[in-house]
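Counting along the sequence shown from 1, when you hit position 54 you're at 55 in my numbering, and nothing is skipped either side.
A short worksheet on the structure shown next.
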Amino acid sequence: MEQTTLEVTGMACDGCEANVTEALEAIEGVSSVTADHEGNEVRVEHDEATVDEATISGTIEEAGYEVAA
Numbered sequence: 002m003e004q005t006t007l008e009v010t011g012m013a014c015d016g017c018e019a020n021v022t023e024a025l026e027a028i029e030g031v032s033s034v035t036a037d038h039e040g041n042e043v044r045v046e047h048d049e050a051t052v053d054e055a056t057i058s059g060t061i062e063e064a065g066y067e068v069a070a
């Protein structure tokens, strides 16, 4: 398992955290997600063979949040 941590902006509350978490947990190969709106951070534990950072970032952006470059 690999852990990817991304800076994510636009999350303002627990509901935003839940939206991001739900979207990422739907990806096959993701085993856990921790979203923190106060720290603007999302940590994802995933299978590095099936899930890459681009997939994670794209999913977050599709959910309506911005991943910092």
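No residue lacks a Cβ here, since even glycine has one placed at the ideal position from N, Cα and C.
Here Leu-25 is actually not in contact with Val-9; their C-beta atoms are around 11 angstroms apart, not less than 8 angstroms. Under the three-state reduction of DSSP output, Ala-19 falls in the helix class. As for any alpha helix (DSSP H) of minimum length 4 sitting wholly inside the stretch 19-67, the runs are 54-63, ordered along the chain. Contact between Met-2 and Asp-48 holds, with the beta-carbon distance rounding to 6 angstroms and staying under 8 angstroms. With a 10 Å radius around the Cβ and a threshold of 16 neighbouring Cβ atoms, Ala-50 comes out exposed.
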